[in-house]
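One structure is given below, encoded as structure tokens.
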Amino acid sequence: MKNVIWISSSYKDFMKFPLEIRQAVGYALYYAQLGKKHEHTKVLSKMGSAGVAEIRENDSSGTYRVIYSVEMKDFVLVLHAFQKKSKSGIATPKQEIELLKTRIKEAKAFYKNMKEGEKQ
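Residue numbering for the sequence shown follows the numbering used here, beginning at 86 and increasing consecutively.
Here is the structure:
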């Protein structure tokens with residue numbers, strides 16, 4: 086099973102979600118750890134890789150999203166967790182996409198540093 090690693094403030098942001106949402110997202114992340122895709126998960130094609138996916142959950146207070154990557158072997162890297170507030174339909178807001186690009190770079194640097202540490 087792959088380990089889950091939370092990048093930047095993603096865990097802190099996730100913990101602000103309602104309990105029921107956290108439980109549902111946790112179950113979907115468990116699927117990712119097993120190498121499976123949960124039914125509430127979709128690939129984010131705008132990120133340029135099939136390795137970046139989004140979990141969507143809803144409740145009466147709104148829509149919640151968690152973005153993660155399985156590109157790095159042995160890990161599920163949670164890149165971002167947020168409540169969608171955009172009025173632009175189902176599209177991921179531009180500022181969230183920009184933040185994701187930054188977090189993907191952070192995740193790749195983290196993974197590279199970890200791999201280099203294993204070689205020593």
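Backbone N, C-alpha and C fix where the C-beta goes; we use that ideal spot for every residue, glycine too. Because the structure is a prediction, the values reported are computed rather than measured.
| Asked | Found |
| --- | --- |
| For Gln168, I'd like the list of residues in its chain whose CB is within less than 6 Å of its CB, leaving aside the five on either flank, ordered along the chain. | Gly147 and Tyr149 |
| Give the secondary structure of Lys127 by DSSP, where H, G and I count as helix, E and B as strand, and everything else as coil. | strand |
| Quick test of your reading: Ala166 and Asp98, contact by CB under 8 Å. State the CB separation rounded to the nearest angstrom. | 4 Å |
| Quick one: what's Tyr74 bridged to in DSSP? | Not covered by the structure: residue 74. The range shown for the chain is 86 to 205. |
| How far does the alpha helix (DSSP H) with Ile90 in it extend, from its first residue to its last? | Where Ile90 is concerned, there is no enclosing alpha helix (DSSP H), although the beta strand (DSSP E) it sits in stretches over Asn88 to Trp91. |
| Look at the Cβ atom of Arg141, then the Cβ atom of Lys127, and state whether they are nearer than 9 Å. | yes |
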